[in-house]
Structure formats: C-alpha cells, structure tokens
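Position one of the sequence shown corresponds to residue 2 (our numbering), numbered consecutively onward. No residue lacks a Cβ here, since even glycine has one placed at the ideal position from N, Cα and C.
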Amino acid sequence: MLRSWRVKLKLLLATVILAVLLSWLYLFMGSLEYGRFLLLSPCLGEQPSRDVEREALALQVRRVEEENQQLRQQLGRVQADGSDGSPPWGASAEDGSPLGGERSNRTACPKQRVVHKCELLHVAIVCAGHNASRDVVTLVKSILFHRKNPLHFHFITDSVAHQILQTLFQSWMVPSVHVSFYNADDLKPEVSWIPNKHYSGIYGLMKLTLTKALPSNLSKVIVLDTDITFATDIAELWAVFGKFSDKQVIGLVENQSDWYLGNLWKNHRPWPALGRGFNTGVILLLLDRLRRLGWEQMWRLTAERELMSMLSTSLADQDIFNAVIKQNPALVYRLPCFWNVQLSDHTRSEQCYTEVSDLKVIHWNSPKKLRVKNKHVEFFRNLYLTFLEYDGNLLRRELFGCASLPSPPSNQLQQALEELDEDDPCYDFRRQHLTQHRIHLFFLQYEFLALPNPTDVTLVAQLSMDRLQMLEAICKHWAGPISLALYMSDAEAQQFLRYAQASEVLSARRNVAYHIVYKEGQFYPINLLRNVALANAQTPYVFLTDIDFLPMYGLYDYLRNSIQQLELPHRKAALIVPAFETLHYRLTFPKSKAELLSMLDMGSLYTFRYHVWPKGHAPTDYAKWRTATVPYRVAWQPDFEPYVVVRRDCPKYDQRFVGFGWNKVSHIMELDAQVGEGGGAGGQRGVGTGADGDACRCAPRSTSCWSCPTPS
C-alpha cells in the first residue's frame, strides 16, 4: 500500500516537473529578435498549486507586458517621425498583388525605410503648350497640398511652357520648392524618328530620354503625366524605391485596360507587353542603374526592331517601355494599382479601391478627360475640381523647417511684412505694395505670330470678373492682337475658362492673350495688371486703353497707317486717341466721324468725363478735333490722362498706385518727360488723331470704384 502511494507521488512529481519545463520551453520559443522573452498568447490552464511557481509566472507576465508597452511606444515614435502622427510612409500593400485581388493600403509594419522629412524628392514632368501648362498646375497643387518634404520639379518643356511655368513658379514663391527646366527642342532628335499616332505627339515620347535629359548626378526620380491628381503624400510613393531589388530599375502600375491583350476589337494588334502591360502615367526610375544598363541603346534597339512590323506607336512611350519590359521582365517593379488609378474607357480601375482611403493617384488618361465614363467618375471629378479651384496662395505656408535648406525669397518677403508699422496710416497700402501676386501668362491658346511689321499694334487692357461681358464686343471691334491681364481667384479663372471656351467669338480668336493675375489682398492692383499686359505684348506698338472702351470699327488698321504716315518708328511721339462716353447701354455704334459728331450734337455721346474730371482730357482739344482732317500736335498739361498709342518699350506704370485715382496721370507725366527728350523747341509731347480715330466708352464710370460702373 505504502509502495503504491510512493509510485503515485513520483508520477505526480514528474508530471509537475514536466509541466514546468514545457512552460519554460514555450517561453523560450516565443522570444523576439531582440533576445527577450515574450509571452505572445498566455493560456496557462490549470497551473500547479505551488505559490513559488505561480509568482514566477506572474513576474514573467508583468515583464512581458512592460516590454510590449515599450515596443508600442517605440513604434509610435517611428510613425510620428516626419508624418505628424499619420501612418508611416513605408506602409503599403503587398508587392505586385494581382489586379482584382484583395488589397489594402495598410500593413502592420513598414516594409521599407521611412522618408526623412527633409529629404529632397525629385519629380520629372514633360509639359508642352498652353493647355498642358494649365493642366499641370492642378497636378502641382495636389502634390503641394499633401507634401511634407522639399520638392524639386524637373520640367521638360517647349518655349511656351517654359515662359509660362517659369513666371508662375517665380511669382508663386512656394517654400522648399525648386524648379529646373530642360529644353525639349534639344531632345527632339532623339525621338523624332519614331512614328507616333498618340494625341500627345512627339512630346509623348520624351520620357524615354530622361536618363540623358536630367542631370547625371540625379540617381532617382518620379515621372508623372500632366493629367495626374495626387490624393496622398508623394513621399509615400518615393519610399517605394526602398523596395526595389538589385535588378529592378523601373516601377510601374499594371495597365488596367485590355489594350495589350489585343481583344478590344477585331484585328486589334498592340505592341508586345508582359501580360496586361504597364501604364507609364506614373513611373519610378532609378536613373543611375538605367545609365549603367545602357538604357538609351536598349530602348532604341527595341523600338527599331518592333517598328519594322508595327510601323508606328499607338500609345507613345508606353508602347516602347512595354516592349523593353517584355524582353527584360526582371527590370520592372510592380507598383500596387492604387498608385495609378486609370480613368479611361475599358479600364477595370474600380478593382483598385474599396474605399476612399485606398486612393493614392488618379490618372485621367482618356482623351475625354473629365467626361470619361466611369461608375465613380462624379467622385473623382469633385476631387479634381477641389484642387483645380483651390487657392494656390494657401500653399505658400511653411509647414516644416529644415535647417539645411536656404532661406527662400518668401521668408525675406515675410520679414519685410513684419517690419511694417501697423499704426502707420498707410499700412494697408505699404502691405499691398509688398504683396507678390501669382501670375499665369497665356492662360489660353495663343498663336499670334508677330510679323516683321514695324507699325503693328496690340490693344492692352486689364479687367476683373465683372467685365467679362466686354470681351466679345472688343474682339468684334478690334481685329488685331490683344493683351489682357485678368484679376481673378483660382475659382474665377476656371469660370472664365469655361466662358471663353463656350463663346463662339472668343474661341475663334487665337491672337488674344489672357494673363491671369491671381487675387490677393484687398486692393485692386491696377498698375500691376497694366504692366503684366504691357510686358507680354509682342508688337512694336501698344494701344493703352481700358476694358470698358470700344474702339471704332477699323481702328486697328487706322492706327497702323497713322504710325507709318507719321514716321513714329523714327521719332519720339505718342498718338492720342480721343475718348467719348454714353449713358446708354443700348447704343448704335457710330460707323464714321460724321455719325459720331451728330450723336455728340444730339447728346447721345459726351466727351469722356467732361462733367466729372474735365482736366483729364481737356488738352485733347475736342473743339479742334471736330474740324481736324489730319493729326495735330497736343501739348501736355497737368492731370492729363489720355488713351495713347506708344512704343512697347515705354515706361512701366507705377505699381504703388492701387484702386482708383492718379494711376494713369503719373504714367502720362513720365511719358511726357521721356517723349520730350530730344524734341524740338516748345517741348512737343503728343500727336492727337484726326479723321475717324476715336474710342467710345459704353457705360458711365462711378467715381467710387474704378472697375464697377453704376448703371444710370
């Protein structure tokens, strides 16, 4: 009996010892890479009743909980570094998951390095022409809205886009944004031999030349089409470079249409591609590796070989990129498809997202753009319009500080603003003088070719949104080139764009230059607007007028003839165009000087501002003008402010004048001083037009606001 009890006791003791050993073995197997033990899923069941063992296990559990807490805090600090509490930029979906499979933007841990907040990110964009220069601004806004890093934009441009974008970025003054331009004309010989049916033309092939176009010390770059909209921080995309293998050099999203499968229509024969092929609207390029691989020779040999049977490209550079990848599949890194949600016909883009947070980049890669058919197009359109009409001035704010970056001009401007005395009675005016307005030159298509005509003249004026109705009438009266500066907000600029495109009169003109000066501050910068319009006229002479004046029919030809007859190219003189006004909005415009004199006698017309500011136009001598048949001399007098035709290189307007009053008087005074230099005795200053030369103002001007006439 005693022996049986001893056997049972030994078995029980062995069982307890075995349980303890298994428990410690379990803890050992659950240790982390840091070399410390973690109890991942405590499930103790029935523990031995001994107090010592229970206390030991409780102590181990507390130690594990403390270590878990430390790890959570450490992970939180990593996530907060450079992202203000948002998920780390390294987080992304699994590599190259197949189109249509389960996908998510979030993983438990980042899979590549986190982008430092002061790391400079490089973006390359091919942009040519007026329309692309306008479209790329929306892309830039979407990037700037989300970004937390310094950016360097590399633009491959033609001369038109270069002028527009250079002026825009110089006047925008966004902190920590650098811009470089590369002449597309220098790259045309590299790709001009490739027949291309794509609507982008030769510029659609320029991305093939980036290893040559961009600086040799630039190792990697994100390449974007102009019809891209970002819905997240571009640093997240930049971080994907860290996931490339040693052999991968190009990051692309799979094409979301069946184009390269060749089943869209009968006898459809696309270029060779790997599977569904890849879309080149968003590209990650490791330039240093591509150069070492001999990229230029690689794509050129592939294109030459395929063109022997394909004859031309249908999708520009995308066809050639895919043909190269077909031959060298190891070169490509498959980006998750939310990095290029393609909104074109026949795409399956809806499989790239299940909720708004899944969206990263939207690509309007259909010629229809916003009119493309997609079940969620209304949502995408609203997102696009948000950035289209977003106030770009708000993107000037400094959101971060990097000590290594040079102080931008915007900081110097801010310092000048801080030095102003708010108690100064002229504080608001001094502040307005320091305001830097964004300027978008040639907002619409402009194709006027200045002929070698020394007498050609451009009508120069400025306006705000409430004067749009004058544009069609002026275009009907003036056949020559026009340079207009428009003072508008971002949203108003888009309203103007829709208005101009819908107008038969305005859309038919290609020699009217519209320059947008974006609103900022409480005053109307009238002389800044005049200077912008004047500086971008492209003819030897300019007709300086206001938007609510209608020139007489044929005045363009009359002025050119007068310039030639008076030999103005060889003398210092200005042509003064007599101005008249009416209190009637509905008026039959006089077709000759005889009709105009008749309307003056009947009281339908008046000499301009005769009852408000007679000194402004009295020196024109309207009594003499009534009987004049040839131009006559006019002497300058104080407060004289006529509308004149002068050389384009005339003095600029004094931009300290804002709002209403004295802005033209000061300019005419300076003109008089310069025109009078070298003149004969008596100080001849101007030449008034005789015969039919006149301009008629169509509505009365209110003295309370220069730009808003009050109907009588």
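Specify the secondary structure class of residue i as computed by DSSP and reduced to three states.
| i | result |
| --- | --- |
| V137 | helix |
| Y644 | strand |
| N106 | Reliability of the predicted coordinates at N106 is poor, the pLDDT of 41 falling under 50, and no value is obtained from them. |
| R468 | helix |
| H516 | strand |
| T16 | helix |
| S490 | coil |
| H123 | strand |
| S508 | helix |
| C476 | helix |
| S667 | helix |
| R431 | helix |
| L460 | strand |
| Y654 | coil |
| V635 | strand |
| S143 | helix |
| Y525 | coil |
| S87 | Unreliable placement is indicated for S87, whose pLDDT of 38 sits below 50; no coordinate value is reported for it. |
| G101 | Note that G101 has pLDDT 41, beneath the 50 cutoff, so the model's placement of it is unreliable and no number is given. |
| L485 | strand |
| H269 | coil |
| A131 | Contrary to the premise, residue 131 reads as His rather than Ala in this sequence. In the structure shown, H131 sits in a helix (DSSP, three-state: H, G or I). |
| K11 | helix |
Quick one: give me the first and last residue of the alpha helix (DSSP H) that residue i is part of.
| i | result |
| --- | --- |
| E448 | Premise fails: E448 is in no alpha helix (DSSP H) and is neither H nor E. |
| T158 | That residue, T158, is in no alpha helix (DSSP H); its beta strand (DSSP E) goes L152 to T158. |
| F381 | V378 to L389 |
| T230 | Premise fails: T230 lies in the beta strand (DSSP E), I229 to F231, not in any alpha helix (DSSP H). |
| S599 | K594 to M603 |
| T436 | Segment: none, T436 is in no alpha helix (DSSP H) and carries neither H nor E. |
| A214 | L211 to A214 |
| W614 | Segment: none, W614 is in no alpha helix (DSSP H) and carries neither H nor E. |
| L395 | Careful: L395 lies outside any alpha helix (DSSP H) and carries neither H nor E. |
| L442 | L442 -> no alpha helix (DSSP H), and no H or E assigned at all. |
| E237 | I235 to A240 |
Assuming residue i contacts residue j (C-beta within less than 8 Å), just tell me the rounded distance between them.
| i | j | result |
| --- | --- | --- |
| S605 | T583 | 6 Å |
| A462 | I548 | 5 Å |
| Q656 | P570 | At roughly 29 Å, the Cβ-Cβ gap does not stay under 8 Å, so Q656 and P570 are not in contact. |
| A486 | V458 | 17 Å between Cβ atoms; not a contact. |
| S1 | D289 | Past the boundaries of the shown model lies residue 1; the chain is included only from 2 to 713, so the question cannot be answered. |
| I126 | T230 | Contact doesn't hold; Cβ gap of about 13 Å is too wide. |
| G481 | Y557 | 4 Å |
| K213 | A274 | About 24 Å; that fails the 8 Å criterion. |
| L286 | L211 | 6 Å |
| S484 | A534 | 5 Å |
| V161 | H131 | 6 Å |
| N394 | E493 | Going by Cβ atoms, the distance from N394 to E493 rounds to 14 Å, so no, they are not a contact pair. |
| Q539 | T456 | Contact doesn't hold; Cβ gap of about 14 Å is too wide. |
Terminal residues of the continuous beta strand (DSSP E) containing residue i?
| i | result |
| --- | --- |
| E255 | I251 to E255 |
| G279 | Here the sequence assigns Phe to residue 279, which means Gly is not the residue at that position. That run of the beta strand (DSSP E) goes F279 to L287. |
| V224 | K221 to L225 |
| Y623 | It is not in any beta strand (DSSP E) - Y623 instead sits in the alpha helix (DSSP H) that spans Y623 to T628. |
List, from N- to C-terminal side, the beta strand (DSSP E) runs of 3 residues or more that fit wholly inside the stretch 295 to 362. 333 to 336, all fully within the stretch 295 to 362.
For a minimum of 4 consecutive residues, which ranges assigned as the alpha helix (DSSP H) are wholly contained in the stretch 161 to 204? Taking only runs of at least 4 residues, the alpha helix (DSSP H) segments lying wholly in the stretch 161 to 204 are 189 to 192.
Given 8 Å, three or more beta-carbon pairs between the stretch 511 to 524 and the stretch 447 to 456: When Cβ pairs closer than 8 Å are counted between the two stretches, the stretch 511 to 524 is seen to touch the stretch 447 to 456, the count reaching three or more.
Could you say if the stretch 249 to 256 and the stretch 179 to 197 meet the contact criterion of at least three C-beta pairs nearer than 8 Å? Taking one beta carbon from each stretch, the stretch 249 to 256 and the stretch 179 to 197 have fewer than 3 pairs nearer than 8 Å; the two do not touch.
Jot down the residue ranges of each uninterrupted alpha helix (DSSP H) in the stretch 537 to 590, minimum 4 residues, whole runs only, in chain order. 556 to 566, all fully within the stretch 537 to 590.
Taking contact to mean 3 or more Cβ pairs, one atom from each stretch, closer than 8 Å, check whether the stretch 317 to 336 and the stretch 194 to 209 are in contact. Flag = yes, the stretch 317 to 336 and the stretch 194 to 209 touch.
Taking three-plus beta-carbon pairs below 8 Å as touching, is the stretch 464 to 483 in contact with the stretch 548 to 559? Between the stretch 464 to 483 and the stretch 548 to 559 there are three or more inter-stretch CB-CB distances shorter than 8 Å, so the stretches are counted as touching.
Are the stretch 415 to 430 and the stretch 497 to 508 touching, with three or more C-beta to C-beta distances below 8 Å? Contact annotation: the stretch 415 to 430 does not touch the stretch 497 to 508, with fewer than three C-beta pairs closer than 8 Å.
Report yes or no: do three or more beta-carbon pairs, one from the stretch 642 to 657 and one from the stretch 527 to 546, lie closer than 8 Å? The answer is yes - the stretch 527 to 546 touches the stretch 642 to 657, with three or more Cβ pairs under 8 Å.
When you compare the stretch 257 to 264 with the stretch 292 to 311, are there three or more beta-carbon pairs, one atom per stretch, that lie closer than 8 Å? No contact exists between the stretch 257 to 264 and the stretch 292 to 311.
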